[in-house]
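Comments concern the structure below.
There are 2 protein chains.
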Amino acid sequence: MSARRASSVQQQYRDAVAAYVAAGGEESVQRVITAVFSLTRKLDQWYRRQLADLGLTHGEWSVLAHLATAGDEPVTPTRLADVTNVAASSMTHRLDRMAGRGLVRRSPDPANRTRVLVELTEQGWELFESAVREANVVESDTLARLTSKERGELAALLEVVISGLDEIETA
Amino acid sequence: MSARRASSVQQQYRDAVAAYVAAGGEESVQRVITAVFSLTRKLDQWYRRQLADLGLTHGEWSVLAHLATAGDEPVTPTRLADVTNVAASSMTHRLDRMAGRGLVRRSPDPANRTRVLVELTEQGWELFESAVREANVVESDTLARLTSKERGELAALLEVVISGLDEIETA
DNA sequence: TGTTAGTGTTTCGAAGTCGAAATATTCGAA
DNA sequence: TTCGAATATTTCGACTTCGAAACACTAACA
């Protein structure tokens, strides 16, 4: 075991904040941002395994999730590429595969022949729902150290941050 | 604008939470997790552009950042692959490129000839520091709606979550 | 209505990533 | 000390992703 166990997430978090501050970052900013990324990284590891069991890649999951959470907004390949941080050309192939497996359906936009609309099939919905139920287990474990009240406070603070995100636009 | 502007981060967040709850997730959990991912996604978009200006890919940045924040722990390619969520074989090529550009240096571990130790060169450190200073601008904007006190509270709550992460291990 | 600029999707070649197998070394037990 | 299992890295072929260019259509304006 290499004479040392890999350092814990906690230790890594502390070292990282210290290094960012030493390199010129503000402490209160770096604590929040680094914590958010540490959490995301760990969750991503778990998702990847769970998704592999369902036969999905991380990228395919983003597509499934966005289609399932888009409300009533019609969704085009370009929009999917934007929200999943991927090139439009990659989305073409990804949708090919997913359509081949019967998870999504492409249909021409009746109002604009340049466009294609993408939506989930019944089978896509089922896969989405079973993934959410599985993921909720890990996510609940992740937040187990917080009381119900604290979760509410945490969510409220994050929501304040999110409410400002649309105005920043790459200033 | 396609008869509709792309929905805002905020609207997307609300729709997503609603959909996850409808699919069987717990609300207090989904609010926190979805908010964390919304924030990460937006930050990733900005980082990608900033890093492109510095001639770095997202993956190369992870390597640079981990080496810079690893404290005094010696770092091997396998460890880098783990913490950046990438296959060990990919790390080989990534390090080849980065070493070619003079950002990192590989040297045999004197204590174990199976191993290779990776560290930043002077040039690697400089690039790290300039990236941190640039990133800090966007990150500060992101948290601009929170008071100093609120940032502290947010960081404290996230740190509680992080402190539990090491014990979950893919239960 | 004809022209031009713009938008949305796909195709294409180059580059990055993956998992499995190959190679080299260490560690523990007989 | 020697054997076998475990660990660390790299090589290999298949697949995914990228950005640029091609293509098809729409929209604005004279």
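Just so you know, the protein sequences line up as chains A and B, in that order. The first sequence begins at 704 in my numbering and counts up by one. The second sequence begins at 704 in my numbering and counts up by one. C-beta atoms are modelled at their ideal positions from N, C-alpha and C, and glycine is treated no differently.
Cutoff 9 Å: residue i Cβ touching any chain A Cβ
i	result
B/S705	Here the model assigns B/S705 a pLDDT of 31, short of 50, so the residue's position is not dependable, and the following value carries that caveat. Yes, contact with chain A.
B/T823	Before going on, a small fix: residue 823 of chain B reads as Leu here, not Thr. It does not: the Cβ of B/L823 has no partner Cβ on chain A nearer than 9 Å.
B/R797	no
B/A791	no
B/Q748	yes
B/R802	Correcting the residue type first, residue 802 of chain B is Ala in the shown sequence and not Arg. Taking Cβ atoms only, chain A never reaches closer than 9 Å to B/A802, which makes this a no.
B/Q715	yes
B/V786	yes
B/R816	no
B/A874	Bear in mind that the predicted position of B/A874 carries a pLDDT of just 46, short of 50, making it too unreliable to give a figure here.
Proximal residues of chain B, C-beta to C-beta of residue i below 7 Å
i	result
A/V835	Y723, A726, G727 and G728
A/D718	T772, A773 and G774
A/E829	Under the 7 Å cutoff, chain B gives no residues; its nearest Cβ is about 10 Å from A/E829.
Interface partners of residue i on chain A, CB under 8 Å
i	result
B/S843	E729 and V732
Check: residue i C-beta below 8 Å from any heavy atom of the ligand SAM
i	result
B/G803	Absence of the ligand SAM is noted for the structure shown, with no ligands found whatsoever.
Min CB distance residue i to chain B below 9 Å
i	result
A/I871	yes
A/V766	no
A/S711	yes
A/E763	no
A/A755	no
A/R809	no
Contact list for residue i against chain A, beta-carbon separation under 9 Å
i	result
B/L783	Here the premise fails: no neighbours, minimum Cβ distance about 11 Å.
Cross-chain neighbours of residue i in chain B, by beta carbon under 9 Å
i	result
A/R848	V863, V864, S866 and G867
query = If contact means a Cβ-Cβ distance below 8 Å, which residues of the stretch 730-746 of chain B contact chain A?
reply = S731, V732, Q733, R734, V735, I736, A738, V739, F740, S741, L742, T743, R744, K745 and L746
key: chain B contacts made by the stretch 851-867 of chain A, where a contact means CB separation under 9 Å   = S851, E853, R854, G855, E856, L857, A858, A859, L860, L861, E862, V863, V864, I865, S866 and G867
task = Please confirm if the stretch 734-744 of chain A is in contact with the stretch 716-725 of chain A, defined as three or more CB-CB distances below 8 Å between the two stretches.
result = yes
task = Answer yes if the stretch 794-810 of chain A comes into contact with the stretch 838-858 of chain A, meaning at least three C-beta pairs across the two stretches below 8 Å, and no otherwise.
result = no
query = Does the stretch 814-833 of chain B come close enough to the stretch 847-863 of chain B to have 3 or more Cβ pairs within less than 8 Å?
reply = no
request  = Pick out the complete alpha helix (DSSP H) segments inside the stretch 737-799 of chain A, 4 residues or longer, and give them in chain order.
outcome  = 761-772 and 780-786
query = Are there three or more Cβ pairs, one per stretch, closer than 8 Å when the stretch 783-794 of chain B is compared with the stretch 817-826 of chain A?
reply = no
query = For the stretch 709-718 of chain B against the stretch 762-778 of chain A, are there 3 or more C-beta pairs whose distance is under 8 Å?
reply = yes
message = Restricting to runs no shorter than 4 residues, where is the alpha helix (DSSP H) found entirely within the stretch 813-863 of chain A?
response = 825-845
At least 3 beta-carbon pairs within less than 8 Å: the stretch 854-861 of chain B vs the stretch 853-873 of chain A = yes
request  = Could you tell me whether the stretch 834-842 of chain A touches the stretch 752-769 of chain A, where touching means 3 or more Cβ pairs closer than 8 Å?
outcome  = yes
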